[in-house]
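First up is the structure itself, then whatever we jot down about it.
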Amino acid sequence: MGATVPARKNRLNSIDMLRGVVLVIMALDHVRDMVTHPLSSDYSAAIDFAGSAGALFFTRWITHFCAPTFVLLAGVSAFLYGATRQRSTGEIARFLASRGVWLVFIELTVVAFAWSFNLHSIPFLQVIWAIGWSMIALFALVWLPRSVIASIGMVMIVAHNGLDGFQPPPSEASPLWMLLHIPGTLTVGGTPVALIIYPLIPWIGVMALGYAIGPYFVGPNPERPKRLLITGAVLLLSFLLLRLTNLYGDPTVWAVQQTSTATIISFLNVTKYPVSLQFLLMTLGPSLMLLGWCERFTGRAAAILVTIGRVSFFYYVLHLYLIHAIGVSIGIYQGFALHEMAVSFLEIPTKFGLSLGGVYIVWVVTVVAMYPACAWFAGVKARRRDWWLSYL
57 MGATVPARKN RLNSIDMLRG VVLVIMALDH VRDMVTHPLS SDYSAAIDFA GSAGALFFTR
117 WITHFCAPTF VLLAGVSAFL YGATRQRSTG EIARFLASRG VWLVFIELTV VAFAWSFNLH
177 SIPFLQVIWA IGWSMIALFA LVWLPRSVIA SIGMVMIVAH NGLDGFQPPP SEASPLWMLL
237 HIPGTLTVGG TPVALIIYPL IPWIGVMALG YAIGPYFVGP NPERPKRLLI TGAVLLLSFL
297 LLRLTNLYGD PTVWAVQQTS TATIISFLNV TKYPVSLQFL LMTLGPSLML LGWCERFTGR
357 AAAILVTIGR VSFFYYVLHL YLIHAIGVSI GIYQGFALHE MAVSFLEIPT KFGLSLGGVY
417 IVWVVTVVAM YPACAWFAGV KARRRDWWLS YL
């Protein structure tokens, strides 16, 4: 099976390539979730500065780049959806609304079941949920001038940490605040109905910013890699300045620890839930720099990543089912009953799981196993123009 799939006209390979990189790394995080126990001593040591499991911390840390990059590129792709075929604002808005609703539905059903293999477990509202609602928000924003969209996006990203100290009194407004800014368990009549992991305010901002920078990705532009490198470097330097001074942008301050490794962990241990300004600067800066480099990267490895990136939704859903099936199989091999494993990763037996080395082995197996399916589906999307394929 060949590594390349002919690109559609006007399709920018670098975006698909970076998306492919993100999806491959994302699989590592999901393997870690599903083949180790999240409350094991090794996992706890990863965030315990006195512990010795720095490798587990950095395994988790490298995957932090995935969600911000994924959401930013979704915003860029939304702009390119309209620009490359000269679609009207109304057509773009309708696509964003319909796709956003579709993604929210998929998160609540297909993705929720992939995480638990249990119809009775509450859904975890994560990145697909955030992308779906961000597209619905962008449906309203696309009617505004691009400069206004960019300004709104930047304000949402930069200013939302100013809300960290605010906690509304328990009331009917509390669920809304949870959806927008503070993660937690959403209840109805005292019954848990969902675990909100990705509050929406900063993610809508990232999506809006991605849409606003979309014109920079239209057509050949020899200056684009340089601009991406400079922009990414500015974001990264901004993160270093804010983090070194503990000035603003993250509720968790860093401090010098007893060892250099622990100090580095303290410095890099920024807040993901809800995603902080420092977290976004730390991740989006290097991602933009890598995107510029992707424009010049060619060869078989590049073609494989492009292929995976072109079928991101297909890959995301399928890899969750594959990883969870592997996790259940490992659990049964270790002596656990099927009903003990057909639960969310937060409910699996405490003695279940592989070592970190085992996590990396399962990760490699997962990515290798996923590629043939991705190549097949990328071929289908390249050959056919059915409307429903744009939703997969």
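Here the sequence shown is numbered in the working numbering, starting from 57 and rising by one per residue. In this text, a Cβ means the ideal position worked out from N, Cα and C, and glycines have one as well. Bear in mind that the values here come from a model prediction, so they are computed numbers and not experimental data.
Using beta-carbon positions only, say whether LEU128 and GLY266 come within less than 7 Å of one another.
Numbered from 1 along the sequence shown, position 72 holds the residue referred to as residue 128. Numbered from 1 along the sequence shown, position 210 holds the residue referred to as residue 266. At the C-beta level, LEU128 and GLY266 come within 7 Å of one another.
Same chain, Cβ closer than 8 Å to ARG280, five either side skipped, listed in chain order
Walking along the sequence shown from the start, residue 280 turns up at place 224. Excluding the 5 residues flanking it on each side, ARG280 has same chain C-beta neighbours closer than 8 Å at TYR272, PHE273, GLY348 and GLU351, in chain order.
Go to ILE360, then tell me how far its beta strand (DSSP E) extends in each direction, as first and last residue.
As a working note, residue 360 is residue 304 in the sequence shown. Here ILE360 belongs to no beta strand (DSSP E); instead the alpha helix (DSSP H) covers 356-366.
Return helix, strand or coil for ILE178, following the three-state DSSP convention.
Reading the sequence shown from its first residue, position 122 is the one you call residue 178. It is coil, neither helix nor strand.
Buried or exposed by the 16-neighbour rule on C-beta atoms within 10 Å, applied to ARG441:
What you label residue 441 is simply residue 385 of the sequence shown in a count that begins at 1. So ARG441 counts as exposed.
Three-state class that DSSP yields for THR327 in the structure shown:
Indexing the sequence shown from 1 puts residue 327 at position 271. Residue state, collapsed to three classes: coil.
On the DSSP bridge list, what partners appear for ILE252?
Here residue 252 refers to the residue found at position 196 of the sequence shown. ILE252 pairs with LEU181 and GLY240.
Given a cut-off of 7 Å on the beta-carbon distance, is the pair GLY261 and MET212 in contact?
Position 205 of the sequence shown, counting from 1, holds the residue named residue 261. Position 156 of the sequence shown, counting from 1, holds the residue named residue 212. The criterion of a C-beta distance shorter than 7 Å is satisfied by GLY261 and MET212.
Using the C-alpha atoms, what's the distance from ALA215 back to PHE121?
Taking the sequence shown and counting its residues from 1, the one referred to as residue 121 is at position 65. Taking the sequence shown and counting its residues from 1, the one referred to as residue 215 is at position 159. The straight-line gap from Cα to Cα measures roughly 21 Å.
Counterpart residues of THR92 in DSSP-defined beta bridges
If you number the sequence shown from 1, residue 92 lands on position 36. Looking at the DSSP assignment, THR92 forms a beta bridge with GLY409.
Within 10 Å of its beta-carbon, does HIS86 have 16 or more other beta-carbons around it, so buried, or fewer, so exposed?
To locate residue 86, count along the sequence shown from 1; it is residue 30. Looking at its Cβ environment, which holds 16 or more other Cβ atoms inside 10 Å, HIS86 is buried.
Apart from the five residues just before and just after PRO330, which ones in its own chain have a Cβ nearer than 8 Å to its Cβ?
Looking up residue 330 in the sequence shown gives position 274. Excluding residues within five positions, the ones whose Cβ falls inside 8 Å are HIS216, HIS237, ILE238, PRO239, TYR254, PRO255, ILE257 and PRO258.
Taking buried to mean at least 16 other C-beta atoms within 10 Å of its own C-beta, is PHE161 buried or exposed?
One-based indexing of the sequence shown puts residue 161 at position 105. PHE161 comes out exposed.
What do you reckon, are the CB atoms on ILE360 and VAL418 nearer than 7 Å?
Within the sequence shown, the letter at position 304 stands for residue 360. Within the sequence shown, the letter at position 362 stands for residue 418. No.
Can you check DSSP and say which residues form a bridge with THR115?
As a position in the sequence shown, residue 115 is number 59, starting the count at 1. Partner(s): none; THR115 has no beta bridge.
Report the partner residues of THR339 according to the DSSP bridge assignment.
Walking along the sequence shown from the start, residue 339 turns up at place 283. According to DSSP, THR339 bridges with nothing at all.
Since CYS430 contacts TYR389 with CB under 8 Å, what's their CB separation in whole angstroms?
Position 374 of the sequence shown, counting from 1, holds the residue named residue 430. Position 333 of the sequence shown, counting from 1, holds the residue named residue 389. So it is not a contact: roughly 27 Å between Cβ atoms.
Quick check: the Cα distance between MET426 and GLY435, rounded to an integer number of angstroms?
As a first step, residue 426 is located in the sequence shown; it is residue number 370 there, counting from the start. As a first step, residue 435 is located in the sequence shown; it is residue number 379 there, counting from the start. Whole-angstrom Cα-Cα distance: 14 Å.
Assuming GLY409 and GLU396 form a contact by the criterion Cβ under 8 Å, report the distance between their Cβ atoms to the nearest whole angstrom.
Here residue 409 refers to the residue found at position 353 of the sequence shown. Here residue 396 refers to the residue found at position 340 of the sequence shown. Actually they are not in contact, since the Cβ atoms of GLY409 and GLU396 sit about 13 Å apart, beyond 8 Å.
Contact under 7 Å by Cβ, GLY341 with LEU292:
Here the question's residue 341 lines up with position 285 in the sequence shown. Here the question's residue 292 lines up with position 236 in the sequence shown. Yes; because the gap between Cβ atoms is below 7 Å, this pair is in contact.
If you draw a straight line from the C-alpha of PHE392 to the C-alpha of HIS176, how long is it?
What you label residue 392 is simply residue 336 of the sequence shown in a count that begins at 1. What you label residue 176 is simply residue 120 of the sequence shown in a count that begins at 1. Between the alpha carbons of PHE392 and HIS176 lies a gap of roughly 20 Å.
TYR267 - containing alpha helix (DSSP H), residue span:
Mapped onto the sequence shown, residue 267 falls at position 211. From DSSP, the alpha helix (DSSP H) with TYR267 extends over 257-268.
Would the beta-carbon of ILE187 fall within 7 Å of that of ALA130?
Sequence index remark: in the sequence shown, residue 187 carries index 131 (1-based). Sequence index remark: in the sequence shown, residue 130 carries index 74 (1-based). ALA130 sits close to ILE187, with the two beta carbons spaced by under 7 Å.
The alpha helix (DSSP H) enclosing PRO307, as first and last residue numbers:
Here residue 307 corresponds to residue number 251 of the sequence shown, with the count starting at 1. Counting along the chain, PRO307 falls outside any alpha helix (DSSP H), and DSSP gives it neither H nor E.
Contact check, TRP158 vs TYR377, beta carbons under 7 Å
On the sequence shown, position 102 is the one that residue 158 refers to. On the sequence shown, position 321 is the one that residue 377 refers to. Not a contact, by the Cβ cut-off of 7 Å.
Can you give the Cα-Cα distance for LEU251 and LYS328, rounded to whole angstroms?
Position 195 of the sequence shown, counting from 1, holds the residue named residue 251. Position 272 of the sequence shown, counting from 1, holds the residue named residue 328. Near 15 Å, if we compare the C-alpha coordinates of LYS328 and LEU251.
Limits of the alpha helix (DSSP H) - the one that TRP171 falls within
If you number the sequence shown from 1, residue 171 lands on position 115. Start and end: 168-172.
Identify the continuous alpha helix (DSSP H) that holds GLU147 and give its terminal residues.
Residue numbering aside, residue 147 sits at position 91 when the sequence shown is read from its first letter. Unbroken alpha helix (DSSP H) run through GLU147: 145-162.
Measure the alpha-carbon distance for MET57 versus SER368 and round it to whole angstroms.
On the sequence shown, position 1 is the one that residue 57 refers to. On the sequence shown, position 312 is the one that residue 368 refers to. Because MET57 carries a pLDDT of 43, less than 50, the predicted location of this residue cannot be relied on, and no value is offered for it.
According to the Cβ coordinates, are ALA268 and ARG202 closer than 7 Å?
The count along the sequence shown starts at 1 and reaches residue 268 at position 212. The count along the sequence shown starts at 1 and reaches residue 202 at position 146. Result yes, Cβ atoms of ALA268 and ARG202 sit closer than 7 Å.
When the Cβ atoms of the segment 134-146 are set against those of the segment 190-209, are three or more pairs found closer than 8 Å?
A contact exists between the segment 134-146 and the segment 190-209.
Roughly how many angstroms lie between the CA atoms of LEU219 and LEU337, to the nearest whole one?
Here residue 219 corresponds to residue number 163 of the sequence shown, with the count starting at 1. Here residue 337 corresponds to residue number 281 of the sequence shown, with the count starting at 1. When rounded, the distance between both Cα atoms is 18 Å.
Taking the alpha helix (DSSP H) that LEU200 belongs to, which residues open and close that run?
Taking the first residue of the sequence shown as position 1, residue 200 is located at position 144. Note, LEU200: premise wrong, no alpha helix (DSSP H); not H, not E.
Through-space distance from PRO224 to ALA101, alpha-carbon basis:
Counted from its first residue, the sequence shown places residue 101 at position 45. Counted from its first residue, the sequence shown places residue 224 at position 168. Note that ALA101 scores a pLDDT of 43, beneath 50, so its modelled location is shaky; the value from the coordinates is reported in the next line. Spanning the two alpha carbons is a distance of roughly 33 Å.
Among VAL415, ALA438 and TRP444, whose alpha-carbon lies nearest the alpha-carbon of ALA83?
Taking the first residue of the sequence shown as position 1, residue 83 is located at position 27. Considering only alpha carbons, the answer is VAL415.
Compare the C-alpha of PHE433 against each of SER411, THR406, ILE379 and LEU374 and name the closest.
Position 377 of the sequence shown, counting from 1, holds the residue named residue 433. In terms of CA proximity to PHE433, LEU374 leads the group SER411, THR406, ILE379 and LEU374.
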